[in-house]
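These protein sequence lines map, in sequence, to chains A and B. One point on numbering: in our numbering, the residue at position 6 of the first sequence is 6, and numbering is uninterrupted. One point on numbering: in our numbering, the residue at position 136 of the second sequence is 1136, and numbering is uninterrupted. In this text, a Cβ means the ideal position worked out from N, Cα and C, and glycines have one as well. Owing to the predicted nature of the structure, the values given are computational and were not obtained by experimental measurement. To start, the structure itself, in structure tokens.
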Amino acid sequence: YTLLREKDEL
Amino acid sequence: MNIFRLTGDLSHLAAIIILLLKIWKTRSCAGISGKSQLLFALVFTTRYLDLFTSFISLYNTSMKLIYVACSYATVYLIYMKFKATYDGNHDTFRVEFLVVPVGGLSFLVNHDFSPLEILWTFSIYLESVAILPQLFMISKTGEAETITTHYLFFLGLYRALYLINWIWRYYFEGFFDLIAVVAGVVQTILYCDFFYLYVTKVLKGKKLSLPA
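Structure, rendered in structure tokens:
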């Protein structure tokens, strides 16, 4: 996974 | 988005709404830990700061706003509007024992040493233990109103469903976030004892009371 991923989870 | 994630979010929303409605309808927050609710407000505040930096979807943004608004509304009802009914004498868990270690850990173990990422990590760690003041309060008084147990059930179910969601995402999307998963496992484990009581007592129509 990418480190600075977009956080799509709540 | 998979079905476990969606039902997890909805379960979380149900828990939040149940608690708000319970307090509003009975005009009382008896049996509710204001400290846990303060911690959840802190969790949402520190986690959803990305509302200002990135847009993911309308669903994502609206759910975040609803969670934050509801958690602040709950804190307002407990500490302001229905303060007279707040059972502070039984809400004696020392939150600094949670916030300080969790704060330290989020500085030490995170994905990236940047302010937003550390705050996000802090919120993930804090959420996993934020229910402890509430569980402590129930163990102290030895009982909980049935509506409060429904709240706790949906709150625990939410993280359990997220665990299945993460297994799903690992297999089908290659997605894996160790920090979220470990904290999620801890959080779910904290509810296991309660789940047992909920199934064996509350679902059979009995009030949740603990042996003296």
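One or two residues paired with residue i in a DSSP bridge
i: S1209/B; result: E1143/B
Closer than 7 Å at the beta carbon, the chain A residues around residue i
i: S1054/B; result: E6
Residue burial classification, residue i (beta-carbon count within 10 angstroms, cutoff 16)
i: Y1059/B; result: exposed
i: T2/A; result: The predicted position of T2/A is uncertain, since its pLDDT is 43 and thus under 50; a value taken from the coordinates is nonetheless stated next. That one is exposed.
i: V1095/B; result: buried
i: M1137/B; result: buried
i: L4/A; result: Below a pLDDT of 50, predicted positions are generally treated as unreliable, and L4/A, at 49, falls in that range; no measurement from the model is reported.
i: Y1171/B; result: exposed
i: F1093/B; result: buried
i: A1192/B; result: Before going on, a small fix: residue 1192/B reads as Cys here, not Ala. Label assigned to C1192/B: exposed.
i: N1165/B; result: buried
i: I1189/B; result: exposed
i: R1027/B; result: exposed
Neighbouring residues, chain A, relative to residue i (Cβ below 8 Å)
i: Y1067/B; result: L10
i: K1064/B; result: L10
Chain E contact residues for residue i, given Cβ-Cβ distances below 7 Å
i: D1009/B; result: In the structure shown, chain E does not exist; the protein chains are A and B.
- Between the segment 1035 to 1062 of chain B and chain A, which residues of the former have CB atoms less than 7 Å from a CB of the latter, in chain order? Correct list: D1050, S1054, I1056, N1060.
- Which residues, taken in chain order from the segment 1117 to 1130 of chain B, show a beta carbon closer than 8 Å to some beta carbon of chain A? E1117, W1120
- Could you pull out every unbroken alpha helix (DSSP H) segment of at least 4 residues lying fully inside the segment 1085 to 1161 of chain B, listed in chain order? 1096 to 1108, 1115 to 1129, 1132 to 1141
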